[in-house]
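Engineer: Shown below is the structure under consideration.
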Amino acid sequence: MLQPQPHTGSYYAASVNHVTDYAPLRGAQRADVCVIGAGFSGISTALHLAERGYDVRVVEANRVGWGASGRNGGQIIGGISGEAKMAAHLGAEGERILWEMRWAGNDIIRERVQTYGIECDLKWGYLDVAIKPRHLREQQEEFEQLERREFPFHYRRLSREEVVATIGTEAYIGGLLNMGNGHVHPLNLCIGEARAAVALGATIHEQSPALSIEEGKKPRVVTSRGSVTADFVVLAGNVHHFIEPRLRGYLLPVNSFIIATEPLSEIQVANINPNDLAVCDPNYVLEYFRLSADQRLLFGGRFNYFSFEPAIIRKFMIPKLQRIYPQLQDIRIDYAWGGTIGVTVNRVPQLGRLADNILYTQGYSGHGVNVTHLAGQIMAEAVAGTMERFDVFAGIKPVVIPGSHRFAKPMVSLGMLYYQLKDRL
Ligand SMILES: Cc1cc2nc3c(=O)[nH]c(=O)nc-3n(C[C@H](O)[C@H](O)[C@H](O)COP(=O)(O)OP(=O)(O)OC[C@H]3O[C@@H](n4cnc5c(N)ncnc54)[C@H](O)[C@@H]3O)c2cc1C
2 MLQPQPHTGS YYAASVNHVT DYAPLRGAQR ADVCVIGAGF SGISTALHLA ERGYDVRVVE
62 ANRVGWGASG RNGGQIIGGI SGEAKMAAHL GAEGERILWE MRWAGNDIIR ERVQTYGIEC
122 DLKWGYLDVA IKPRHLREQQ EEFEQLERRE FPFHYRRLSR EEVVATIGTE AYIGGLLNMG
182 NGHVHPLNLC IGEARAAVAL GATIHEQSPA LSIEEGKKPR VVTSRGSVTA DFVVLAGNVH
242 HFIEPRLRGY LLPVNSFIIA TEPLSEIQVA NINPNDLAVC DPNYVLEYFR LSADQRLLFG
302 GRFNYFSFEP AIIRKFMIPK LQRIYPQLQD IRIDYAWGGT IGVTVNRVPQ LGRLADNILY
362 TQGYSGHGVN VTHLAGQIMA EAVAGTMERF DVFAGIKPVV IPGSHRFAKP MVSLGMLYYQ
422 LKDRL
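By the count of the working numbering, the sequence shown reaches residue 426 at its end, each step adding exactly one.
Here's what the structure looks like:
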């Protein structure tokens, strides 16, 4: 079972604007909707519901943003993982819905930060970098789609030389700049949204793992010292979720790791990222990086490892950083941490229902900062009875991975190997 845990040693936890301390759930409570999990999925759902006037209670096993939402790369990248699969499922009319959903999460973040005055270092500007010629072809296709759809933000193809001038590394052969994508301090965003939901009347209970859900006309979520009886339950525990066995087999847990350097000098910033862009490569075993507000380089990537021991994370991540930026050879690393991503077999996020009044959202396959915000909106729509966008996802049957949690380590090792080989093609 998930034991309540404090935040780990991430740069985000060390630079948080507000430390949350919401009281654990006690006694028999009632709500219109009970949300399980206070990451972006759960908090986004709660805020959308509170905005619509629902009485919402969120139960969180640890702290708001404790999971992937408070640890990630902070890269806000439009699009949905597994889109090609979704497009094939949806047909011509679906293409329009899909295009709108691609950018909806970015818009929600933009609006919320403004509406609720959330201080979370939100910056716009993102560079998709290419390593191989096939990546350039994919970027050209994306560029043409942006043109066809009259994308409202600035975007531009960058040559190899322009990439070098823009981010001070010769590691890439071209890029696609998109000012409609960006980056954010994810923990401050998540906590800011939680505070907005509470200000609108939602109740959050931290240190309150949900232990079971009693199904029925009014489902009841049970924790060790209390319960919430509600009209609807929304499960938003993603890969950390443990109470609903049916959902566990849908996700493979994959770890991703980040190191944060000491603050860089003005000269170093001018050399490696003067325009303050988020940067990400297109591999599955990918690398991503950006500057924090205090000018640290936050450099992330995946490797085949299961512990979150900072010394090991440094050992694996520092050579990756130095390959991209040999000029930062002597830089000090102040923070190293990791988190777990819920990956689905077909990469399509899983939004569905276990019963008429028990919904779930999970499995963004590493592409969750924007999509969780969309998912929260779709969950709120579904509770209110509008099913159009919910059904787009719910209509795609999740692929079950037998024993995915029990045999997580060997399966993930095999998966990583498979994708490492694919990245090499
Ligand atoms: C290192 C890393 C880097 C990443 N970088 C990016 C990026 O740059 N851009 C991007 O788009 N995506 C990124 N992602 C993915 C993204 O962070 C996730 O897709 C997203 O945060 C998932 O949000 P969530 O709310 O569904 O899950 P989580 O944030 O994991 O939240 C789930 C919460 O549910 C709680 N919970 C679980 N079970 C229970 C229970 N029974 N009772 C109560 N509470 C429970 C957990 O404690 C947890 O707080 C990254 C992920 C990681 C780990």
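Glycine is no exception: its CB is placed at the ideal position from the N, C-alpha and C atoms.
Can you name, in chain order, every residue of its own chain whose Cβ lies under 6 Å from the Cβ of residue 293, other than the five neighbours on each side?
Structural biologist: 299.
Engineer: Tell me, to the nearest whole angstrom, how far the beta carbon of residue 170 is from that of residue 289; I am working on the premise that it is less than 8 Å.
Structural biologist: 13 Å between Cβ atoms; not a contact.
Engineer: Candidates 340, 205, 370: which alpha carbon is nearest residue 350's?
Structural biologist: Closest option to residue 350, Cα to Cα, is 370.
Engineer: So, is residue 268 buried or exposed, given that buried needs 16 or more other C-beta atoms within 10 angstroms?
Structural biologist: So residue 268 counts as exposed.
Engineer: Helix, strand or coil: which one does DSSP assign to residue 174?
Structural biologist: In this structure, residue 174 counts as coil in the three-state DSSP scheme.
Engineer: With a threshold of 8 Å, are at least 3 pairs of Cβ atoms found where one atom belongs to the stretch 178-190 and the other to the stretch 131-141?
Structural biologist: No, they do not touch.
Engineer: Within the stretch 254-319, note down every full beta strand (DSSP E) run reaching 3 residues or more, in order along the chain.
Structural biologist: As far as the stretch 254-319 is concerned, its whole beta strand (DSSP E) runs of at least 3 residues are 279-281, 288-292, 297-302.
Engineer: Of all the beta strand (DSSP E) runs that stay within the bounds of the stretch 61-119, which reach a length of 3 or more residues?
Structural biologist: Correct list: empty.
Engineer: Per DSSP, what kind of secondary structure is residue 186 in: helix, strand or coil?
Structural biologist: Correct three-state label for residue 186: coil.
Engineer: Give me the residue from 271, 21, 252 with the minimum Cα distance to residue 366.
Structural biologist: For the residues 271, 21, 252, the minimum Cα distance to residue 366 belongs to 252.
Engineer: Is the beta carbon of residue 126 closer than 8 Å to that of residue 284?
Structural biologist: Against a cut-off of 8 Å, the Cβ pair of residue 126 and residue 284 comes out as no contact.
Engineer: Compute the minimum distance between the beta carbon of residue 373 and the heavy atoms of ligand 3, and state whether it is under 7 Å.
Structural biologist: Judged by which ligands are present, ligand 3 is missing from the structure shown, whose ligands are ligand 1.
Engineer: Rounded C-beta distance between residue 191 and residue 79? I'm assuming under 8 Å.
Structural biologist: About 19 Å separates the two Cβ atoms, so there is no contact after all.
Engineer: What do you reckon, is the C-beta of residue 67 under 7 Å from a heavy atom of ligand 1?
Structural biologist: The answer is yes for residue 67.
Engineer: Do the CB positions of residue 342 and residue 255 come within less than 8 Å of each other?
Structural biologist: Yes.
Engineer: Would you tell me roughly how many angstroms separate the C-alpha atoms of residue 2 and residue 210, rounded to the nearest one?
Structural biologist: In this predicted model, residue 2 has a pLDDT of only 44, less than 50, meaning its place in the structure is not dependable; the value taken from the coordinates is given anyway. Their backbone Cα atoms lie some 9 Å apart in a straight line.
Engineer: Am I right that residue 150 and residue 177 are in contact with their C-beta atoms under 8 Å? What's the rounded C-beta distance?
Structural biologist: That belief does not hold up - the Cβ atoms of residue 150 and residue 177 are roughly 15 Å apart, past 8 Å.
Engineer: Just to confirm my understanding: we take residue 25, look at its own chain, exclude 5 residues before and 5 after, and list those with CB closer than 8 Å. What are they?
Structural biologist: Closer than 8 Å at Cβ, skipping near neighbours: 206, 207, 208, 209, 224, 226, 227.
Engineer: Quick check: does the Cβ of residue 289 come within less than 7 Å of any heavy atom belonging to ligand 1?
Structural biologist: Yes - ligand 1 has a heavy atom lying nearer than 7 Å to the Cβ of residue 289.
Engineer: Under a three-way DSSP split, which group does residue 402 fall into?
Structural biologist: In this structure, residue 402 counts as coil in the three-state DSSP scheme.
Engineer: Return yes when the C-beta of residue 186 is under 7 Å from any heavy atom of ligand 1, and no when it is not.
Structural biologist: Residue 186: no, Cβ never under 7 Å from ligand 1.
Engineer: Return the residue from the list 105, 163, 194 that minimises the CA-CA distance to residue 116.
Structural biologist: For residue 116, the nearest C-alpha among the options comes from 194.
Engineer: Assign residue 124 to one of two classes, buried (16 or more other C-beta atoms within 10 Å of its C-beta) or exposed (fewer than that).
Structural biologist: Label assigned to residue 124: buried.
Engineer: Name the two residues that bound the continuous alpha helix (DSSP H) containing residue 140.
Structural biologist: Counting along the chain, the alpha helix (DSSP H) containing residue 140 begins and ends at 134-149.
Engineer: Closer than 7 Å to a non-hydrogen atom of ligand 1 - does that hold for the CB of residue 72?
Structural biologist: The answer is yes for residue 72.
Engineer: Span of the beta strand (DSSP E) holding residue 163?
Structural biologist: From DSSP, residue 163 is part of no beta strand (DSSP E) but of the alpha helix (DSSP H) over 161-168.
Engineer: Select from 396, 318, 402, 403 the residue whose C-alpha is nearest the C-alpha of residue 88.
Structural biologist: If we check each option's Cα against that of residue 88, 396 comes out closest.
Engineer: For residue 351, which of helix, strand or coil comes out of DSSP?
Structural biologist: Reduced to three states, the DSSP call for residue 351 is strand.
Engineer: Can you grab the Cα-Cα spacing for the pair residue 144 / residue 282, in whole Å?
Structural biologist: Rounded to the nearest angstrom, the two C-alpha atoms are 16 Å apart.
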